[in-house]
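Report on the following structure.
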Amino acid sequence: MNIPDTLNDGQRKAVEFDGEHLLVLAGAGTGKTKTIIARAAYLIQSGIDPSKIQILTFTKKAANEIVERVKATLPQSDGNSLSGATFHSWCNQLIVRFPNLFGAAAYTVIDPDDQLSIMKMVCGNQNLDFGKLRIKPQQLIDIYSLARNTKKSLTESLRIKLFKNKKDADTDYEISTIKPHVENILRAYQLKKGEQRYLDYDDLLLVVSTQLRTNPEARNILSQHLDYLLVDEMQDTNPLQWDLLDPFVSICKLFCVGDDAQSIYSFRGADFKNVHLFKERVPDSEVYKLEKNYRSTQEILDISNWLLEKSPINYNKKLQSIRGSGELPRLVNVSDEWQEANWVADEILNNFTHQDRTFSDHLVLARSQYYSKSLQAVFIRRKIPYVTYGGRKFMQAAHIKDLVSLLRIVNNPYDEIAWIRFLTFQEGVGEVRASRILQQVIENVEKDDIPNILQNAMPGEDGSKIAKLYESIKSKSDVGEMVDTAYEAMSLGLAFRYRRDWNEKRRGDFPVLKLLAKSYPTLGEFIGEGLLDNSENMNGMNVLSESKLNTAENKDHVIISTIHSAKGLEADVCIVLNVSPKAFPSAWSLDNLAEIEEDRRVLYVAMTRAKNRLILTRNTSSISAVHQRALPTNMDSKTDDADTYFLNDLPDNLVEQLIVEHKFGKVNDAASPNKIDLSSGMDFS
DNA sequence: AAGTCAGTGCTTTTT
DNA sequence: GCACTGACTT
1 MNIPDTLNDG QRKAVEFDGE HLLVLAGAGT GKTKTIIARA AYLIQSGIDP
51 SKIQILTFTK KAANEIVERV KATLPQSDGN SLSGATFHSW CNQLIVRFPN
101 LFGAAAYTVI DPDDQLSIMK MVCGNQNLDF GKLRIKPQQL IDIYSLARNT
151 KKSLTESLRI KLFKNKKDAD TDYEISTIKP HVENILRAYQ LKKGEQRYLD
201 YDDLLLVVST QLRTNPEARN ILSQHLDYLL VDEMQDTNPL QWDLLDPFVS
251 ICKLFCVGDD AQSIYSFRGA DFKNVHLFKE RVPDSEVYKL EKNYRSTQEI
301 LDISNWLLEK SPINYNKKLQ SIRGSGELPR LVNVSDEWQE ANWVADEILN
351 NFTHQDRTFS DHLVLARSQY YSKSLQAVFI RRKIPYVTYG GRKFMQAAHI
401 KDLVSLLRIV NNPYDEIAWI RFLTFQEGVG EVRASRILQQ VIENVEKDDI
451 PNILQNAMPG EDGSKIAKLY ESIKSKSDVG EMVDTAYEAM SLGLAFRYRR
501 DWNEKRRGDF PVLKLLAKSY PTLGEFIGEG LLDNSENMNG MNVLSESKLN
551 TAENKDHVII STIHSAKGLE ADVCIVLNVS PKAFPSAWSL DNLAEIEEDR
601 RVLYVAMTRA KNRLILTRNT SSISAVHQRA LPTNMDSKTD DADTYFLNDL
651 PDNLVEQLIV EHKFGKVNDA ASPNKIDLSS GMDFS
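Residue 1 is where the first sequence starts when you use the UniProt record's numbering, and the numbers rise one by one after that.
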């Protein structure tokens with residue numbers, strides 16, 4: 001056995017665990033991923049059929065990485081049938097693979113954009129105005145999703161999402177007035193989803209978990225296909241995901257890893273009870289702990305530990321570095337975003353030219369996607385290659401969705417969103433005509449074939465052209481060819497519609513789309529899983545495009561990521577942007593202890609990504625212009641950020657402080673779209 | 001009825 | 001930067 005040689009005692013004990021179910025509590029940098037990889041490899045080497053091991057993670061990226069690394073440790077093709085997936089894509093696979101069991105095979109998976117479109121359709125011109133409270137369609141989606149993910153009542157979900165979980169007579173009354181209206185709309189939304197054969201992300205989990213809990217036959221069948229379930233990031237699972245995992249306690253053996261101090265998804269319903277109650281809820285289970293940190297130097301862990309100790313929550317955790325001492329973390333004080341961005345660029349370029357570091361040794365973390373926009377502008381101008389993690393996904397880009405809408409129609413003729421998108425794509429067809437055509441399609445789709453309906457609904461050349469196109473795609477068996485056929489028919493229209501940046505940005509995405517499509521055996525799987533594929537996005541502007549699947553791997557680039565997308569990542573140099581008052585904790589969280597503590601964990605996750613050098617930047621002009629504008633209106637009150645700012649009483653000996661002088665020239669206007677907004681120079685104190 | 005363009009407001013975090 | 005709106009043109 002070659003892998004376990006590099007494991008420490010704790011890791012080895014977990015990897016070679018011989019009992020039924022195990023939870024591994026693993027602090028940041030203690031080799032969580034390594035342990036799960038070694039566990040999979042160990043099981044395979046002990047003779048377990050790799051196809052009976054399922055690895056579950058939260059992102060596709062993490063799943064792929066784990067599977068690849070397991071394979072790398074095994075001789076030749078031993079691990080080829082090992083499967084790693086996100087909870088969502090795994091459920092999708094199960095639904096496709098066992099159509100009779102789950103009865104949802106002919107459905108189309110819809111993404112958040114589609115959900116919003118449906119919700120808007122359902123709301124129509126109905127305004128949800130309740131005095132000062134106006135509920136937007138997106139909020140309705142959020143409420144609906146929270147209720148289903150946490151198994152909470154509508155009343156409680158409304159309370160959490162609209163009233164910050166406040167409990168008093170006034171709030172109770174308001175909720176009771178609002179609730180019936182919301183309920184009506186949500187019911188209409190559910191109905192519409194059903195009619196159009198849609199499954200949203202939550203439905204994927206729900207369909208599978210409901211079936212497994214209520215149907216012994218389903219458990220029976222799955223137990224023949226599964227021996228081990230390995231779950232990563234257990235602290236981020238929510239009650240719905242627990243419902244999904246629970247039946248597997250009697251189907252196979254669970255091996256879960258997680259860290260309560262890194263739980264940062266409660267806005268999505270994550271509940272670290274799933275970690276804390278593991279031993280009580282799972283019979284024949286054990287809990288092991290990993291506490292030795294291999295990633296970071298002690299100085300980096302000191303400040304991370306300090307942050308966690310300040311919390312009212314007791315995490316009972318103090319990371320100890322086995323690597324020993326290194327550089328003191330730096331706290332860099334800047335006075336605006338552009339100065340910050342330029343300082344970061346200087347640091348990286350300096351490390352690159354004088355310190356023998358590559359660009360990919362650097363990880364830049366921001367709280368939100370929005371915040372790194374000015375940094376990206378500076379990187380482009382100063383020619384620092386980068387990729388972004390988190391953010392708009394490839395499949396969500398408008399031009400891709402246009403083409404995919406045609407494929408979706410072929411896949412599921414009940415898919416109204418796809419029909420509307422495809423029909424309005426045709427020249428001379430707007431919303432009104434599209435709805436009329438759609439009407440006819442929906443009325444006849446049961447008894448007639450689509451090409452016929454189309455020709456009736458759109459007399460003349462247009463109709464027959466589309467009808468022919470439909471037939472031609474339908475006749476193809478290879479998904480890549482379907483993309484080709486669709487592209488051939490639509491490329492002129494696409495080029496015109498996106499003429500502004502067609503050649504520069506969009507055109508190159510279609511070969512990538514084809515490549516992606518070719519890797520799926522059926523159209524249904526491509527549409528479902530392709531949507532769920534959280535691949536790195538293509539709007540990193542200066543890298544990627546066609547290169548994604550071949551060359552991107554060996555390119556040297558800085559990674560810019562949201563902290564949420566950075567879980568599991570690590571880097572030699574880690575730079576955390578804007579660790580300023582009103583950002584950590586966020587001004588949005590100020591009157592809610594649970595949210596403040598989640599923000600603390602977010603910062604903790606960010607800090608513990610660093611191996612050798614940790615740099616925190618903060619804006620000393622107290623509050624950035626961005627936040628000024630977006631602040632909630634009732635912010636003026638009680639909570640002084642001086643009380644809550646995480647770095648407030650940071651001991652001097654934990655960091656080295658730097659104050660950046662105003663030495664950088666102004667950024668060129670062309671490269672900095674937000675410049676005027678952001679550096680207005682106004683003092684609002 | 002559709003398409004275009006300029007002006008406006010808004011942005012936590014993700015499958 | 002993005003989505004949405006309203007006024008204008010085709």
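Glycine included, every Cβ here is placed at the ideal spot set by N, Cα and C. Note that the structure is a prediction, hence the values are computed from the model and not measured.
**Prompt:** DSSP state of Y42, grouped into three classes?
**Reply:** On the first sequence, position 42 is the one that residue 42 refers to. Residue state, collapsed to three classes: helix.
**Message:** Let's see if you can read the secondary structure: which residues bound the beta strand (DSSP E) around Y389?
**Reply:** Counted from its first residue, the first sequence places residue 389 at position 389. That run of the beta strand (DSSP E) goes 386 to 389.
**Message:** Just verifying my parser: in three-state terms, what is the DSSP assignment at E656?
**Reply:** As a first step, residue 656 must be located in the first sequence, where it is residue number 656. Strand at E656.
**Prompt:** In angstroms, rounded to a whole number, what distance separates the CA positions of F248 and L254?
**Reply:** If you number the first sequence from 1, residue 248 lands on position 248. If you number the first sequence from 1, residue 254 lands on position 254. So the alpha carbons of these two residues sit roughly 8 Å apart.
**K151, buried or exposed, once every other Cβ within 10 Å from all chains shown has been counted against 16** = On the first sequence, position 151 is the one that residue 151 refers to. Answer is exposed; the Cβ neighbour count stays below 16.
**Message:** When you compare the CB positions of R69 and L230, do they come within less than 8 Å of one another, or not?
**Reply:** If you number the first sequence from 1, residue 69 lands on position 69. If you number the first sequence from 1, residue 230 lands on position 230. In this structure, L230 does not lie closer than 8 Å to R69 by Cβ.
**Message:** Assuming contact is defined by CB atoms lying nearer than 8 Å, are L205 and H88 in contact in what I supplied?
**Reply:** The count along the first sequence starts at 1 and reaches residue 205 at position 205. The count along the first sequence starts at 1 and reaches residue 88 at position 88. Cβ distance < 8 Å, so L205 and H88 count as in contact.
**Prompt:** Is DSSP giving Q320 helix, strand or coil here?
**Reply:** Counted from its first residue, the first sequence places residue 320 at position 320. Three-state result, Q320: strand.
**Message:** Taking 7 Å as the limit between beta carbons, can you name the residues of its chain near H21, skipping five residues before and five after?
**Reply:** In the first sequence, residue 21 corresponds to position 21, counting from 1. Closer than 7 Å at Cβ, skipping near neighbours: V249, K253, L254, V282, D284, S285.
**Message:** Just to confirm my understanding: we take I400, look at its own chain, exclude 5 residues before and 5 after, and list those with CB closer than 7 Å. What are they?
**Reply:** Translated into positions along the first sequence, residue 400 becomes position 400. So the qualifying residues of the chain are F394, D509, L513.
**Request:** Within the segment 355 to 379, note down every full beta strand (DSSP E) run reaching 3 residues or more, in order along the chain.
**Result:** 362 to 366
**Residues near P50 in its chain [Cβ-Cβ closer than 6 Å; skip 5 each side]** = For the purposes of this step, residue 50 is taken as the residue at position 50 of the first sequence. Cβ neighbours of P50 beyond the five flanking positions: I44, G79, S81, L82.
**Request:** Just grab the DSSP bridge partners of V109 for me.
**Result:** On the first sequence, position 109 is the one that residue 109 refers to. Answer is L199.
**Prompt:** Would the beta-carbon of A104 be found less than 7 Å away from any heavy atom of the ligand COA?
**Reply:** Here there are no bound small molecules, and the ligand COA is not part of this structure.
**Message:** Is it the case that the segment 597 to 611 contacts the segment 564 to 574, given that we only count it when at least three CB pairs across the two stretches are under 8 Å?
**Reply:** yes
**Minimum C-alpha distance to residue 687 - residue among F130, A218, N215** = For residue 687 there is no data in the structure shown, the boundaries of the chain being 1 and 685.
**Message:** Whole angstroms are fine: how far does the CA of T155 sit from the CA of V432?
**Reply:** Here residue 432 refers to the residue found at position 432 when the first sequence is read from its first residue. Here residue 155 refers to the residue found at position 155 when the first sequence is read from its first residue. Going from the Cα of V432 to the Cα of T155 covers about 37 Å.
**Request:** Reducing DSSP to helix, strand and coil, say where F130 ends up.
**Result:** Locating residue 130 in the first sequence gives position 130, where the first residue counts as 1. Correct three-state label for F130: strand.
**Request:** Give me the Cα-Cα distance between Q440 and E416, rounded to the nearest whole angstrom.
**Result:** Walking along the first sequence from the start, residue 440 turns up at place 440. Walking along the first sequence from the start, residue 416 turns up at place 416. In a straight line, the C-alpha of Q440 is about 12 Å away from that of E416.
**Asked** By DSSP, does N293 sit in helix, in strand, or in coil?
**Response** One-based indexing of the first sequence puts residue 293 at position 293. Strand at N293.
**Message:** Quick check for students: name the residue ranges of the alpha helix (DSSP H) that lie wholly in the segment 394 to 428, counting only runs of 4 or more.
**Reply:** 398 to 411, 416 to 425
**Request:** Decide if F422 is buried, meaning its Cβ has at least 16 other Cβ atoms within 10 Å, or exposed.
**Result:** Here residue 422 corresponds to residue number 422 of the first sequence, with the count starting at 1. By the neighbour-count rule (16 or more Cβ atoms within 10 Å), F422 is buried.
**Message:** Applying the 10 Å Cβ sphere with the 16-neighbour rule, what's the burial state of H181?
**Reply:** For the purposes of this step, residue 181 is taken as the residue at position 181 of the first sequence. With fewer than 16 Cβ atoms within 10 Å of its Cβ, H181 is classed as exposed.
**Prompt:** By how many angstroms is the C-alpha of I437 removed from the C-alpha of T57?
**Reply:** The residue given as residue 57 occupies position 57 in the first sequence. The residue given as residue 437 occupies position 437 in the first sequence. Approximately 42 Å, taken between the alpha carbons.
**Prompt:** By Cβ distance below 7 Å, which residues in the same chain neighbour D111 in space, the five residues on each side in sequence not counted?
**Reply:** As a first step, residue 111 must be located in the first sequence, where it is residue number 111. Once the five neighbours on either side are set aside, the close Cβ partners of D111 are Q396, L531.
**Asked** Between which two residues does the beta strand (DSSP E) carrying C256 extend?
**Response** Along the first sequence, read from residue 1 onward, the residue named residue 256 stands at position 256. Here the beta strand (DSSP E) through C256 covers 253 to 258.
**Request:** Tell me whether R499 is buried or exposed, calling it buried when 16 or more other Cβ atoms sit within 10 Å of its Cβ.
**Result:** As a position in the first sequence, residue 499 is number 499, starting the count at 1. Burial call: exposed.
**Message:** Which of the three DSSP states is assigned to Q138 in this structure?
**Reply:** Taking the first residue of the first sequence as position 1, residue 138 is located at position 138. DSSP places Q138 in helix when its eight states are reduced to three.
**Item:** Separation of V378 from V344, as counted between CA atoms
**Value:** To locate residue 344, count along the first sequence from 1; it is residue 344. To locate residue 378, count along the first sequence from 1; it is residue 378. About 9 Å.
**Residues bridged to E286 (per DSSP)** = Position 286 of the first sequence, counting from 1, holds the residue named residue 286. In DSSP, E286 forms a bridge with L22.
**Message:** Can you tell me which residues form a DSSP beta bridge with N503?
**Reply:** Position 503 of the first sequence, counting from 1, holds the residue named residue 503. Answer is none; N503 lacks a bridge partner.
**Message:** Out of I384, L614, K34, which one is the CA nearest neighbour of T358?
**Reply:** The residue given as residue 358 occupies position 358 in the first sequence. With distances taken between Cα atoms, T358 lies closest to I384.
**Prompt:** Looking only at DSSP bridge pairs, what is C574 linked to?
**Reply:** Taking the first sequence and counting its residues from 1, one reaches residue 574 at position 574. L363, L614, per the DSSP bridge assignment.
**Request:** Verify whether the separation of the beta carbon atoms of N333 and R197 is less than 8 Å.
**Result:** In the first sequence, the residue the question calls residue 333 occupies position 333. In the first sequence, the residue the question calls residue 197 occupies position 197. Result no, Cβ atoms of N333 and R197 do not sit closer than 8 Å.
**Request:** Taking L92 as the reference, give the member of S296, E525, I615, N619 with the closest Cα.
**Result:** Locating residue 92 in the first sequence gives position 92, counting from the first residue. For the sequence presented, residue 92 should be read as Asn rather than Leu. Of the listed residues, the one whose Cα sits closest to N92 is E525.
**Prompt:** What are the partner residues of G84, as DSSP defines its beta bridges?
**Reply:** Residue 84 sits at position 84 when you count from the first residue of the first sequence. Paired residue(s): I55.
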